[in-house]
Structure formats: C-alpha cells, structure tokens
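As they're listed, the protein sequences go chains A and B. The opening residue of the first sequence carries number 251 in my numbering; numbering runs sequentially from there. The opening residue of the second sequence carries number 251 in my numbering; numbering runs sequentially from there. What follows is one structure encoded as structure tokens, with my remarks underneath.
Number of protein chains: 2
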Amino acid sequence: MMRILSRAELKNELLRSGIRPSVQRLAIYEYVYRSTAHPTAEKVYEALRDELGSLSLTTVYNTLKLYADAGLVMMIHIDDNYLRFDGNTQMHAHFRCNECGEIYDLPVEGNSLGCLAGLEGIKVTEAQLYLRGVCKKCLQQNYIS
Amino acid sequence: MMRILSRAELKNELLRSGIRPSVQRLAIYEYVYRSTAHPTAEKVYEALRDELGSLSLTTVYNTLKLYADAGLVMMIHIDDNYLRFDGNTQMHAHFRCNECGEIYDLPVEGNSLGCLAGLEGIKVTEAQLYLRGVCKKCLQQNYIS
DNA sequence: TTTTATATTTGCAATGATTTCAGAAGTGAA
DNA sequence: TTCACTTCTGAAATCATTGCAAATATAAAA
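Rendered as structure tokens:
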C-alpha cells in the first residue's frame, strides 16, 4: 500500500510526467486521486465547479484523457452508460453491483495474469478485471424484503 | 472445448432459454455464435440485412440485449467507441491491440479468480478480463519500418 | 515592465452509438 | 376468421463525449 500523497507531492507527480500543473489540472488530479467512488467526468465537474469558480466540462474530459495517457489515472469501462476514472493505478479489480450500481475495489494478490495463456510475443500494457453481481448490502436487503 | 453446435441445436438453445426462435433471432444468434471477430451490432446488421431481406438495427440491438440477459452471448466493453458481442460464453480473456484495434481471445487456465480477495458475502455472476497492448503482428511491423 | 509566443481553458455545436416509441407485421389458439 | 399477444420496424430522440475556434493564462524574451 502506497503512502497518501500531499497536494504538493501530487503537483510534483504532474511535473514528473511533463504536465504543467495548472489550477484546474491539479484540482482534477487531486479530486480523482482522493476519491474512492470512481467518479465520472460529470461528477468531477460538479464537485470542482464551485471551488474553482470557473471550470468547463470539456477541460475535465481533456485533462482526464491526458492523465489516462500518462498513466496517472485509469479509465474504468465497467459501467454501460459512462466512463469512470480511478486515481488508484495499482493493480486491482473492480466489482459492480447490478442492483445499486455501486463500484467496489477488490484487491488482487500475487500474479493476476498467471492464469492466462497465449501471451507469447504480445506486449501487454494494461490489464483490467471487471466483476459484476450483487453486493453484500443489496443481498441483505433483498433477503429482508 | 465444447462441440460446435448445428443450427437446429442453436434453435434448441434459444427454446431452452425461453426465447422464441424467430427468423431474425436465430440468424442473429447463429451469426454471433459462429463469428470470432467480436462483432458490433452494426456489423451483425450489415452481415444479415441482405440474407434476411428485412432487418432493423433496432432488432439487432434488442435481440443481442435479450441474449446477453439470458447469458447466451457476452457483451464486450473493451472498445472505447462501441459495444461488441461474443458468442463464446466460456471463461476467456480479451486482448485489444492499441495499434490495429483487433480483438483477440486469450484462454484462461485454472481458477482465474483465485488471485482475488474480498469476495466473501458477494454474489459474482460475471467476470471479464480485458488486456490492452500491441499484438504480435503490429510489433513485427513496427520493427521493420 | 511590456511584448510575444505558446499552452491552456472555455462554451457551444456537432457527433454518433444506442434507445425509445408507436405502429405494422407475424404467430398461434380458439 | 377472429382475437390476443409477441416480435419487428423505422424514424426520431437521447445523451455522453468530442471538435473547434475564440478567450485567457503563462512563461520567456526584450
């Protein structure tokens, strides 16, 4: 588990990736980095609009795309309707509850790609494991009702 | 590896799932079942339109959704731009080449979820493993040029 | 400090895959 | 044949995401 970074350290992360840390960029990075809710672009926009005084949804999309290309955030495609973003770039799986729509992180232990065959001669740069089903909370509620 | 089913057997598969095998439905099922290209709805539509004389893109979408809910086909979310479908419902991973866009199947051996923690009390109904990178063919071409 | 060049942000319009919807066509039972 | 019900169709609507050109901010040079 990596230590939680301060705002100044997040700024340095951007610089290290060759990205100039404008006010908007740092705010967007910090929000996604600290969130555990896998926010959509819209969510990031709503959360920061007031705080920043001025912000465009286009900027949010552009910036998150920039970060995804730089490997600073992960794009999560588990939702049928929109793209989500995750500031945690360490290997982990995602579980989406079909009842409540919530997305949970699942830790991955050991070699997650050990079960895969046919990787010879292929260059893998990214791996995502998505699970769906019903979460603990919804299972209990369904049982009661 | 499961035996390849005949058209009559595919029809029975539909009936067993409580789906009435109309001309359109059977054609769509058979096309996705026999394809290894992870076709989009548009692709299915183009491939069957002439053969069937009459077909609506809406029907293709509705039918594929019906099959996905019934567990007869898998929805593949690996492509940023559109939904793809896979008639192979056995556990396997998908690899998408970032250069050519091609999607390949990767066999999964053993317990693919063995590396996961935090599954207690959760009901998992679906697992998808997506990989991205550069495929063998594109790696060779990049080296030559 | 001003000028200048460049990078970033903004808001609106466009895009396009997917869905909605209401009517048409098909199907099977009586 | 009629009736009730299911399926299909095509056009219009939806809406997340992207394109674009103008506005603004920033940093370096003069």
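Here a beta-carbon is modelled for each residue, glycine too, at the ideal position from N, C-alpha and C.
(request) Sort out for me which residues DSSP pairs Gln-391/B with in a bridge. (result) Partner residues in a beta bridge of Gln-391/B, as assigned by DSSP, do not exist.
(request) May I ask you to report which of helix, strand or coil DSSP gives Arg-253/B? (result) In the three-state reduction of the DSSP assignment, Arg-253/B falls in the coil class, being assigned neither a helical nor a strand state.
(message) Less than 8 angstroms between the C-beta atoms of Leu-389/A and Lys-373/B, yes or no?
(response) Taking C-beta atoms as the reference points, Leu-389/A and Lys-373/B count as a pair closer than 8 angstroms.
(request) Measure the C-alpha to C-alpha separation of Ala-297/A and Leu-333/A and round it to an integer number of angstroms. (result) Using only the alpha carbons, I get a separation of about 17 angstroms.
(request) May I ask you to report which of helix, strand or coil DSSP gives Asp-319/B? (result) In this structure, Asp-319/B counts as helix in the three-state DSSP scheme.
(request) Using beta-carbon positions only, say whether Ile-328/A and Tyr-380/A come within less than 8 angstroms of one another. (result) Yes, they are a contact pair.
(request) Return the residue from the list Gly-321/B, Gly-337/B and Ser-272/B that minimises the CA-CA distance to Asp-355/B. (result) Of the candidates Gly-321/B, Gly-337/B and Ser-272/B, the one whose C-alpha sits nearest the C-alpha of Asp-355/B is Gly-337/B.
(message) Taking its Cβ as the centre, do 16 or more other Cβ atoms sit within 10 Å of Arg-257/B, making it buried, or is it exposed?
(response) Burial call: exposed.
(message) Determine, for Thr-238/A, whether the minimum Cβ-Cβ distance to residues of chain B falls below 8 angstroms.
(response) Nothing can be reported for residue 238/A: it is not among the residues displayed for chain A, which extend from 251 to 395.
(request) Using a cut-off of 9 angstroms between C-beta atoms, extract the partners of Lys-382/A located in chain B. (result) Note that residue 382/A is Arg in the sequence shown, not Lys. Correct list: Val-374, Thr-375, Glu-376, Ala-377 and Gln-378.
(request) Following the continuous alpha helix (DSSP H) through Tyr-332/B, name the residue where it begins and the one where it ends. (result) According to the DSSP assignment, Tyr-332/B belongs to no alpha helix (DSSP H), since it is labelled neither H nor E.
(message) Is there a C-beta anywhere in chain B that falls below 8 angstroms from the one on Ser-407/A?
(response) This structure cannot speak to residue 407/A, because chain A is shown only from 251 to 395.
(message) Just verifying my parser: in three-state terms, what is the DSSP assignment at Leu-379/B?
(response) Three-state DSSP puts Leu-379/B in a strand.
(request) Go to Ala-297/A, then tell me how far its alpha helix (DSSP H) extends in each direction, as first and last residue. (result) Where Ala-297/A is concerned, the enclosing alpha helix (DSSP H) stretches over 291-302.
(message) Would you say His-344/B lies against chain A (beta-carbon separation less than 8 angstroms)?
(response) Taking CB atoms only, His-344/B has no neighbour in chain A less than 8 angstroms away.
(request) Answer yes if the stretch 348-367 of chain A comes into contact with the stretch 353-370 of chain B, meaning at least three C-beta pairs across the two stretches below 8 angstroms, and no otherwise. (result) Yes, the stretch 353-370 of chain B is in contact with the stretch 348-367 of chain A.
(request) Tell whether a beta-carbon distance below 8 angstroms holds between Leu-314/A and Gln-274/A. (result) The criterion of a C-beta distance shorter than 8 angstroms is not satisfied by Leu-314/A and Gln-274/A.
(message) Could you check whether the Cβ of Gly-321/B sits closer than 8 angstroms to any Cβ belonging to chain A?
(response) Chain A contact via Cβ: absent.
(request) Give the C-beta separation of Val-294/A and Tyr-279/A to the nearest angstrom, bearing in mind that I take them to be a contact with Cβ-Cβ under 8 angstroms. (result) At roughly 10 angstroms, the Cβ-Cβ gap does not stay under 8 angstroms, so Val-294/A and Tyr-279/A are not in contact.
(request) Return the bridge partner residues of Lys-373/B from the DSSP annotation. (result) According to DSSP, residue pairing for Lys-373/B in a beta bridge involves Val-384/A.
(message) Let me check one thing: in DSSP terms, what residues is Arg-346/A bridge-paired to?
(response) DSSP, once it has assigned bridges, lists Ile-353/A and Arg-382/A as partnering Arg-346/A.
(request) My understanding is that Met-324/A touches Thr-308/A, with C-beta atoms under 8 angstroms, so please give their C-beta distance in whole angstroms. (result) Actually they are not in contact, since the Cβ atoms of Met-324/A and Thr-308/A sit about 21 angstroms apart, beyond 8 angstroms.
(message) Suppose the cutoff is 7 angstroms on Cβ atoms and the five residues either side in sequence are ignored; what does the same chain contact list for Thr-290/B look like?
(response) Tyr-332, Leu-333 and Arg-334, listed in sequence order.
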